[in-house]
Ligand SMILES: C[S@@+](CC[C@H](N)C(=O)[O-])C[C@H]1O[C@@H](n2cnc3c(N)ncnc32)[C@H](O)[C@@H]1O
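Residue numbers (my numbering): 76 to 386.
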């Protein structure tokens, strides 16, 4: 059994939640659209389980999409470029990180961004008001070794090659062609972490527009899943989506809050997953909600989940 590769270290990745999210997929998907792709955790996990025939992934952070384009077409040269950067940092890792960050801010570059993501604090992109990548290096480590990175890049290539397309730009453009035979999975920036002066994303997120676009998807009969708000204990983050949309919300257990654990408390974190009406009513989901008793998976679902462990 093969593990699901995860080549791009990315804060906010849905890698650990992917098995729970995949439980809510329809049994047949022509194209899986992931327009807020980040590290593509859901597309990779879905590809590993053959849950969609083709994939369209997109992100408004263009150099991130460049990483995906190179993974799809030529992962070896990306691995070699990453190895070059990783090796060149040895003499003075901190100063070298600064040089790569300057070069990235001046000219972009997929390998540079991959290196910065592997080396920066919490693998988290941060941007200045002017849009420059300004996250600091994590000086306790040098980032994923070239050998490990190459293995992950090649494995992701194997999973997606010939059946995935990567497009830079706004989510609305990326999902423009989606049909009722497809599935759109969306993991937009959380409200409250991306509006105003928040530096987690390179642009702010227009929530009212997003809600309107969900209405359009509903009118077009396109099935969709959205990861959005959540809570840690009783503390919620991000407002819920409007009830008028008629979506079904389940809570997925995302684990224990490390912040709370540090202060001696045991507080669990849950993330909301919203599903469009067709997904909810056609009985295509297992509803692994915390509100339900521990589910026993039925035959086909169990086989599907057992095929590939997520690591
Ligand atoms: C929460 S992250 C997605 C993480 C992803 N699910 C994963 O597993 O790694 C949100 C992503 O949306 C992108 N983004 C923000 N605004 C966007 C927009 N208007 N259109 C497309 N992508 C956008 C950000 O660059 C970021 O990569």
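The beta carbon of each residue, even a glycine, is placed where N, CA and C say it ideally should be.
It should be emphasised that the depicted structure is a prediction, and the values quoted were computed from it without experimental measurement.
query: Three-state secondary structure assigned by DSSP to residue 283; result: helix
query: Sequence-distant residues of its chain with Cβ nearer than 6 Å to residue 209 (five each side left out); result: 201 and 203
query: Contact under 8 Å by Cβ, residue 179 with residue 212; result: no
query: Heavy atom of ligand 1 within 7 Å of residue 280 beta-carbon; result: yes
query: Span of the alpha helix (DSSP H) around residue 217; result: Note, residue 217: premise wrong, no alpha helix (DSSP H); not H, not E.
query: C-alpha distance - residue 253 paired with residue 176, whole-angstrom precision; result: 36 Å
query: Same chain, Cβ closer than 7 Å to residue 92, five either side skipped, listed in chain order; result: 327, 329 and 346
query: Nearest-angstrom Cβ-Cβ length linking residue 228 and residue 146, presumed shorter than 8 Å; result: 6 Å
query: Reduced DSSP secondary structure (H/G/I, E/B, other) of residue 241; result: strand
query: Rounded C-alpha distance that separates residue 299 from residue 83; result: 24 Å
query: Three-way DSSP call (helix, strand, coil) for residue 146 in this model; result: helix
query: Separation of residue 342 from residue 312, as counted between CA atoms; result: 14 Å
query: Cut-off 7 Å between Cβ atoms - residues of its own chain near residue 188, not counting five sequence neighbours on either side; result: 138, 139, 142 and 179
query: Three-state class that DSSP yields for residue 325 in the structure shown; result: strand
query: Those residues which DSSP pairs with residue 90 across a bridge; result: Bridge partners of residue 90: none, in fact.
query: Three-pair Cβ contact test at 8 Å for the segment 237-246 versus the segment 154-173; result: no
query: Presumed contact (8 Å Cβ cut-off) between residue 85 and residue 192, rounded CB distance; result: 6 Å
query: Identified DSSP bridge partners for residue 345; result: 306 and 328
query: Straight-line Cα distance separating residue 136 from residue 156; result: 20 Å
query: With 16 other Cβ atoms within 10 Å as the buried cut-off, status of residue 198; result: buried
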